[in-house]
Every structure is written in C-alpha cells, then in structure tokens.
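This report concerns only the one structure given below.
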Amino acid sequence: MKYRIGLILFSLISIGQPVFAEVDLLIRNARVVDGTGSPWFLSDVAIADGRITEVARHLDRTAHQEIDAAGKVLAPGFIDVHTHVESSPNSAGLKELPGADNYLLDGVTTIITGNCGSSEIDVDDWATSLKGLGLNVATLIGHNSVRREVVGLDNREPLPEEMAQMRALVKKAMQDGAVGFSTGLLYVPGTYAKTTEVVELAKVAAAHGGVYATHIREQGEKLHESITEAVTVGREANMPVQISHLKVKGRTRWGSIGTALELIESYRQNGVDVVVDTYPYDRASTNLGVNLPRWAVAGSATDISSRIDDETMHSRIVSGMKEMLKDGGYPDYSFASVAQYLPDPSYNGRTITEINRLVERSSTIENEIETILEMMVEGGHAGVTQGASMIYHYMSEEDVDAILRYPNAAVASDGSAVEFGRGQVHPRSYGTNARILAKYVREKKVLTLEDAIRRMTSLPARTFSFHDRGIIRPGMIADLVLFDPSKVIDKATFEDPHQYSEGFDVVIVNGLVAVKDGNLNDVRGGSFIRHGATN
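Next up, the structure:
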C-alpha cells in the first residue's frame, strides 16, 4: 500500500500536477525580482506553512488568502546586516519595541544585531526573552561586550586567565546560536586590543562557522591599514570577513574611497572572502566620545571626568582634539550634531557650534572643545559614559555612490528599533532601503533594480549563511516584500527623522502578512535565528 501511494505521488509530481491544490497564500501577477541579480520575470508565488511552495505563471490553486500584485515588484524581504537593537541608556531595544515597526515599514524582514563589538553576552537568555517579534533577528557576539565583562574598560592587555574567560564566553555564544564575532576597534574597550587578541577570539567563532564582522580601527588616515588588519583576522582565523559601514572620514580625504575598494578587491582576488556593507547617507551616527583621544576615554564615566578635570591631562586632551579636527579638515564642530543628550534634550538636533553659542561661549575652536568636554562630564553623570549620541557629516555623496557601485557591498542601516518621535535619531533607522530604491535606483541610477535587491537579500544571506532566505524559489522561507518601484520613497530626513517609508504595500514575514496596503497588521511573525538551525 505504501508503495502504491508513493508511486501515485511520484507520478503526480513527475507530470507537473499538484499534490495539494490549496495553499495559505497566493500572490498573483507579480514582477518577481528573485534576489539573485537576474532579470525580473512575471509569476505567481504560492506559500504554505511559512515557505514558498511554487513559483510559476498562472498557478491553478485555491488559497486561504490571495493578493493580486498587479505587476508590482515582489522581492525577498530585505536583510539588514548591521543593526543595534540591544537596549541602551539612549535607546530602546527589541525587548521594549519587539515589533520593530520602523524596519517592517521599510521592507526589512531580517536584521543582524550585535555589531561594532557590542552585543548581548548571554545569547540564549536574550533570545528566550524576546517575545512578539515583528521580524527575524540574529546576533553576533561582540568583542567589546565580552572584553568589558572580563577585563573592564581599562587600557591594558588581558591576563592569560582573562583570555581564557573571553574565549569561553565567545564559545558559549556561538553554541547558543550567534552568527559570528564582531569588533568595534574604534570604541572602548575594544580599541585597546591588539590584533593578536582579536584573532585568538575570532578563531573560537570560526570553529563554529561564524563570520567576522568589524567596525575597523580607523576610517581616516589609517583606513587601508585597518582594512588590512580586518583581512588579517579573517585569514588567520579562517573565516569570512564583513567590513561594516565602509567609509572614508574627513573632508581632506573625500574622493579617495576608490583606493580602499581596490585594496579590498585585491584581497578577494587572492582568495580572501571579504565583503562590505554601507548605508546610503553621507552622515554617520555614533557617540560624542569619539572626538577625544582614545587614551582619554578609557574606564568609567568617573575616570573620564577625572582626566578632564586634571589640568595637565585636560591640556593633552584639548591638543589631541585639535589635531583630530585638523586631520579631518574641519574648521569647527558644525559637522557634529546631537541626536540624544539626556541631561538637556534642548540640545537634540543642534550642532556643537550652535550649542556652544547657546551656552554663551564665543565661537572659537577652544570653546567648542570645552563645550564637548562639559557634555562628556554631564552625560557621564546621566549614565552615558561616552557623553551623548551624535550625528556626524563624515562622508561625501560621491564616496557613497562609489561604495554602492562596488558589487560586493551589501546595504545596511546601522540603525535601531526606534520609538516613534523620541530623540533626533538618524533617518537611516526609518528609510535606508526605501532610499536605495528611490534615490540610487530610480533617481541617480547608481544601481539597477535587480542589483539593488541582490545587495539587500541574497548577498547578506550568503555572508551570514541564511541558506533558506534571501531568494524567491520553492522551499525558501516566505519573507517577501511587494512594492511599486516608481512610488517607493524614504520620508525620514535629518531635520524630521520620525517618518516611515512609503510604498511597501505588503511585507510578509515567515509566511504571515505583517504589512498590508502599506499599513501594519496586528501580526507578529518574526523569530530568533540561530546559526546552524533549521528554521
């Protein structure tokens, strides 16, 4: 009897007839951009039990739910390789905002967090605590977080027993499902680590199939040296490398990103699996403390304040800050604006130059530096060790274009799950993917539609080993987005960032319709993705 049933099923499949006619969801008349970079094609797409079951013209099926795409583009849901959705003093995280509405309404169905060396340390505990996720989330294990846990914030090398403890933390995180190991070598305390320390910890993640994702040590004068350090870690640890939010910082270097891209490509030609990601904006967002010399921001907020208060150290800090400003080619700090300053929210949205005038100091470099140092101290009293969250005009539009033209550059927001209306956030948390499609595909024609979709889907899926996401084909998980490429647009600006993207008509997460007709449904279809798990 089992043989006869199997023969009948085989016969039905072999002549192209359906075994089951009914599906959960049927999308008809879609212009499918499948994520591979191949040209679009017209097709229906059937979904059952959270997966794509068929992709073909004129499917003869009945469905619990049917959507007429009417020739709009159907693409894989976007995968954002660089986010920060852990809770922090300056922002909420997925625990507080599990729906991540700002990402869903920008077409994102999967995010990777734990970047720049900052992550949850107990991956299993954090994953278990996340309830009602609106999208899928995976995490890296962060070097800075691990080092802070074991060594603290001090500027020193770890002891042998501390290295053993750090290796153990990385190993446990990977066993619990982290997708790789991240570093933020600009930030405290990772900035105090030698390359050998990073390699040793990266090897632990590599043994479990992880990726090395890095905010490299320097993005200005030592950009090329820092790229080489990242490649060295990947090569010695025998693991793929993802260089985070590639850029060249400072007016004095604008227009020079091409040589960095050539260096990266030369490593690829020599057998190193190194790719990059970027966001489609000429301004970055990080903390206020990056304006101080690295030695000055070691330790706690109290330690930093003590150095600022010490006359001799204060003088050294000021001299170092002047050199950094000169190196970047900036006449003052008008390129730096406040995103979130807890002691005085009236600073939010203002540049350091404007704040300096607000506190009635004359417009000199020395006074602007004193304003920054004062904010560092007061921010530390409010619980923010690095002073404040900031937005910096670091890059040029031409360099952003050049990075986006590089075939192995994925799209990333470097954003977070945000509470609508709170703070002067970077608009990338709302509009990264819509901006790619509106500005860089439709308006500037830097990318074709098919290649832009590839950068947001199959390229990141390849890098992070999401073997069942990122492409539209039978058997893949049904993370999908439907939109009209002539209408999709990012609304968020630096002046008014709290605006959702428009034009993403339907967003499907694990087979469930999370966005319909451009509006959020009361559906939470997201899940935590563990490396190596069958989803």
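Residue 565, in the working numbering, is where the sequence shown stops; the numbers in between run on with no holes.
All C-beta atoms in this analysis are idealised placements derived from N, C-alpha and C, irrespective of residue type, glycine included.
Check, Outcome
"With C-beta atoms as the reference, is S256 less than 8 Å away from R247?", "yes"
"Give the DSSP-derived three-state secondary structure of Y424 in the structure shown.", "coil"
"Expressed to the nearest angstrom, what Euclidean distance is found between the alpha-carbon atoms of H423 and R283?", "13 Å"
"Please list, in chain order, all residues of the same chain as A78 whose beta carbon is under 7 Å from its beta carbon, the five residues on each side excluded.", "V53 and D54"
"Where does the unbroken alpha helix (DSSP H) through G461 begin, and where does it stop?", "R458 to R465"
"Expressed to the nearest angstrom, what Euclidean distance is found between the alpha-carbon atoms of G210 and N166?", "16 Å"
"Would G46 be called buried (16 or more neighbouring beta carbons within 10 Å of its own) or exposed?", "For G46, the predicted structure reports a pLDDT of 48, less than 50, and the residue's modelled location is therefore unreliable. A value from the coordinates is still provided. Exposed: under 16 other Cβ atoms inside 10 Å."
"Measuring only the C-alpha atoms, how far is I338 from Q299?", "47 Å"
"Taking the alpha carbon of L311 as the point to measure from, which residue in G164, R554 and A464 has its own alpha carbon closest?", "The question names Leu, but residue 311 in the sequence shown is Tyr. Ranking G164, R554 and A464 by Cα distance to Y311 puts A464 first."
"Less than 7 Å between C-beta atoms, sequence neighbours within five positions excluded: which residues of the same chain meet that for Y371?", "Y377, N378, M405, G409 and A418"
"Comparing the C-beta of T415 with each C-beta of chain B, is any distance below 8 Å?", "Within the model displayed, chain B is absent; a lone protein chain is all it includes."
"Find the nearest neighbour of P219 within the set G172, K233 and K202, judged by alpha-carbon distance.", "G172"
"Round the Cβ separation of N145 and S274 to the nearest angstrom and send it over; I've been treating them as touching at under 8 Å.", "6 Å"
"Tell me where the alpha helix (DSSP H) around A232 begins and ends.", "T225 to A236"
"Assess contact between the region 519-531 and the region 454-461, defined as three or more Cβ pairs (one per stretch) separated by less than 8 Å. Is contact present?", "yes"
"Taking only runs that begin and end inside the region 83-154, name each unbroken alpha helix (DSSP H) of 4 or more residues, in chain order.", "131-134"
"Roughly how many whole angstroms lie between the Cα atoms of E251 and K277?", "12 Å"
"Pairs of beta-carbons, one from the region 155-165 and one from the region 470-482, closer than 8 Å: are there three or more?", "no"
"Measuring only from the beta carbon, is A60 closer than 7 Å to any heavy atom that is part of the ligand FMN?", "This structure does not include the ligand FMN; it has no bound ligands of any sort."
"Is it true that the region 356-364 meets the region 185-197, where meeting means three or more beta-carbon pairs spaced less than 8 Å apart?", "no"
"List the whole-angstrom C-beta distance separating V63 from A105, where the pair is believed to meet the contact cut-off of C-beta under 8 Å.", "5 Å"
"Going by DSSP, what residue range makes up the beta strand (DSSP E) through K356?", "Per DSSP, K356 belongs to no beta strand (DSSP E); it is in the alpha helix (DSSP H), E341 to G358."
"Could you tell me the boundaries of the alpha helix (DSSP H) in which T383 lies?", "I382 to L388"
"For the region 495-503 against the region 436-452, do three or more pairs of beta-carbon atoms, one drawn from each stretch, fall closer than 8 Å, so that the two count as touching?", "no"
"Mind checking which residues open and close the beta strand (DSSP E) that includes E259?", "It is not in any beta strand (DSSP E) - E259 instead sits in the alpha helix (DSSP H) that spans L253 to A267."
"Does the contact criterion of 3 or more C-beta pairs under 8 Å hold for the region 503-514 versus the region 527-537?", "yes"
"Could you spell out the range, first to last residue, of the alpha helix (DSSP H) harbouring H497?", "Counting along the chain, H497 falls outside any alpha helix (DSSP H), and DSSP gives it neither H nor E."
"Report yes if the CB atom of S557 is closer than 8 Å to the CB atom of H114, and no otherwise.", "no"
"My understanding is that G541 touches G80, with C-beta atoms under 8 Å, so please give their C-beta distance in whole angstroms.", "4 Å"
"In terms of residue numbering, what span does the beta strand (DSSP E) encompassing K161 cover?", "Note, K161: premise wrong, no beta strand (DSSP E); not H, not E."
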